[in-house]
Amino acid sequence: MTIQYRITPIDPQAHVFRVEMHIPASDHSELTLTLPAWIPGSYMIRDFARHIVTLSAASDGESLLVKKIDKQTWQIDASRGDVTVRYDVYAWDLSVRAAHLDTTHGFFNGTSVFLSVMGQLHSACEVQINRPLGIDASQWRVATALEAMNEATDVDGFGWYRAEDYDELIDHPVEMGTFESATFEACGVEHQLVLTGRYTTDIQRICTDLKRICEWQIHFFGEPAPVNRYVFMVMVTGDGYGGLEHRASTALMARREHLPVPGESGISDEYLEFLGLCSHEYFHTWNVKRIKPARFVPYELDTESYTPLLWAFEGITSYYDDLTLVRCGLIDQARYLTLLGKTVTRVYRGSGRHKQSVAESSFDAWTRFYKQDENAPNAIVSYYAKGALVALSLDQLLRRCSSGQIDLQQLLRVFWQRYGQGVQSGEPWGVEEHDFQHTAQTLCDEAASGEIAAFFETAVYGTQDLDLSQTLSERGVSMHWRAAVSSSDAGGTPEAPASSGEVNTNTEGAPEKLTLGARLTGGVNGLNVTHVFEGQPAHRAGIAAGDRLIALAGLAVTSADDVQRFLRRQRANDTVTAHLFRRDELQTLDITLTPAPVDTCYLTIDDQGLADQWLGNASVLDTRI
Ligand code: ZN
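As numbered in this note's numbering, residues 52 to 676 make up the sequence shown, in order.
Next up, the structure:
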């Protein structure tokens, strides 16, 4: 039995897709239709069904009674045979997670537009993607990794596609419009890069760089690639950032200034961030789309699906996304270590790392990591950033415990054999909570079992800091710490470049760097306090997130630079008066200044041979600009 969908941008000006769904007659006298509450890869309840504006059903030309039984589920009388369901979906969410439609383009994830039929998730699906109505869409094309049905699509890609089941149907986002597109081959597989939006860039240049990333990762897991075709689908905007992985594509948001302009040869920090994002999502093609938590087999999309394993699926992916860039020769070792130093800094700046383990952070992603509030740095740890450091540590632990014979790559290859490729065998598959530890123990000498168990207990389930200094020294790298020199200092380098109005005071003989211990953003007549860091001066003085700081020692402050300039003229343990508004009430507080915490990391190589073993020493194509 095949379920058919027809999707039409029926009113682009009103951002409405119309979907018509045809469900053949079955033994069931009643159909239950439901839309996912969340999209795999983005662990938050989104209630996509709230965008279904109207829904009706008919059988043999006669309308049927439709009963809504919860926020995302409808019941329909199916006793008369085939059922056609028609519904309109409002699509005005410009993100990688949902659906967006206007007169310039359309984008949708199946989770936003395709209802599933309960009990028929394994039925084959066919979908007809139609040209928009009401506008001149003669130049529009379709980009998707969905499989086109033989000779059933036109030259622009409108027409019929098929998916083996509902799970596949919702795992291929679709872009339509007048996008720019280019293709490249990686290990014999066609990859398509699709750029939507307004920008100036060199698409061939991006393809050349992506090819290196893709080939390195395909070789990492071993040929053949897990896909027959892959699509990078990029929406370019002024301030977009984000990505979502799928089995044979990724949907990305990028800032137009991050893309390289024609003639540009180096890799700017911004373009590097874009390449890192592409690298991250591509690595997911294996790690989470095929090797996945048992809890996600199958996905339960009606409610939260808790797993303690996101540290592995996001953290290991985060470790390899940047490592890919140096190993494939796009950046040099020093530049990689800058990226890693920033990741270390991100983790060490939050006291939440001593309260939440990465396993807990994974489990609670739904309500904590994805719903971060002003207290997040004091309460939670990122399973991405700390997860990447756990992966780095595990990689080296495996090497140490196996005399250099095994590393994290081998472990992932075992998983790829066992879980990823096992999907074809039809056997139950999916990674259970302790599989990483048990597989690591199996791969190494028995004598190392205790050490590996202790590592998981501490690194994954504990809240102590990892012994990164030891791990990195075994890789020929030294870890150094300093105080942040400005609010925009993300670490990774010995000294942050001075920005406007700031000088680096972190030099010998210079006054000690002081801090308020709060994150401030510019506001009207003062500075908005967005975060207050536990144990630091603002916290001890009673300053709260949401306050509007207006003066320090009786002098107005209106920018972060004002605060930096003020702090440079103070000494540790000076007490100054702060004036601020909490709501509409003026508060006067005494704040005792303390030295800025030494929480900013940078890394240097002290054993080139060991560093080469880890990071490779391939000739680097591009240098920093
Ligand atoms: Zn990810």
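Note that CB positions come from ideal geometry on N, CA and C, so glycine has one too. As the structure is a computational prediction, the values presented were derived from the model and not from experiment.
Going by DSSP, C265 is part of the alpha helix (DSSP H) stretching over 254-272. The beta carbon of Q492 sits closer than 8 Å to the beta carbons of A499, S500, I503, A504 from its chain, once the five residues preceding and following it are set aside; these are given in chain order. Straight-line spacing of the CA atoms in D446 and L459 works out to 5 Å. In the three-state DSSP reduction, R526 falls in the coil class, being neither helix nor strand. With respect to A305, E483 sits apart: the two C-beta atoms are not nearer than 8 Å. With respect to the C-alpha of A607, the residue from A623, A629, D598 having the closest C-alpha is A629.
Taking the Cα of K437 as reference, the smallest distance to any Cα among R182, T259, V398, L449 is reached at V398.
L84 and S110 have their alpha carbons spaced roughly 15 Å apart. Nearest to E563 by C-alpha distance, out of S610, A623, N576, L519, is A623. At least one heavy atom of the ligand ZN is found less than 7 Å from the C-beta of T368. A direct Cα-to-Cα measurement between F364 and L523 gives close to 22 Å. Taking the Cβ atoms as the reference, V245 lies roughly 4 Å from A194, within the contact range of under 8 Å. The C-beta distance from S163 to F99 rounds to 5 Å, short enough to meet the 8 Å contact threshold.
For H297, the shortest separation between its Cβ and any heavy atom of the ligand ZN does not lie below 7 Å. Within its own chain, the residues whose Cβ lies closer than 7 Å to the Cβ of D625, once the five positions on either side in sequence are excluded, are L644, listed in chain order.
Cα atoms of D121 and E425: separation of roughly 33 Å, rounded to the nearest angstrom.
Rounded to the nearest whole angstrom, the CA to CA distance from W417 to G660 is 43 Å. Under the criterion of beta carbons closer than 8 Å, S454 and L494 do not qualify as touching, at roughly 12 Å. Straight across, the Cα-Cα distance linking K119 with N579 is about 45 Å. Under the DSSP assignment, Q659 falls in the alpha helix (DSSP H) whose first and last residues are 659-666. Taking the Cα positions, I269 is about 14 Å away from L374. Note that the stretch 215-231 touches the stretch 282-302; at least 3 beta-carbon pairs, one per stretch, sit closer than 8 Å. For E324, the CB stays at least 7 Å from every heavy atom of the ligand ZN. In this structure L654 is in contact with V528, their Cβ atoms being roughly 5 Å apart against a cut-off of 8 Å.
Beyond the five residues adjoining it in sequence on each side, Q255 comes within less than 8 Å, by CB distance, of A233 in the same chain, given in chain order. Between V147 and F272, the alpha-carbon positions lie close to 26 Å from each other.
According to the DSSP assignment, Q64 belongs to no alpha helix (DSSP H), since it is labelled neither H nor E. If you look at C329, you'll find it in the alpha helix (DSSP H) that goes 320-334. In the displayed model, Y281 falls within a strand according to three-state DSSP. When C-beta atoms of the stretch 247-263 are compared with those of the stretch 275-293, three or more pairs fall below 8 Å, so the two segments count as touching. Excluding sequence positions up to five before and after S538, its CB lies within less than 6 Å of the CB of A611, all in the same chain and listed in chain order. DSSP places K118 in the strand class (E or B) of the three-state scheme. C652 is bridged by DSSP to W532.
Under the three-state reduction of DSSP, T53 is assigned to strand. Judged by DSSP secondary structure, D446 falls outside any beta strand (DSSP E) and instead within the alpha helix (DSSP H) spanning 436-452.
Within the same chain, and ignoring the five residues on either side of R192 in sequence, the residues whose Cβ sits closer than 6 Å to its Cβ are D207, G208.
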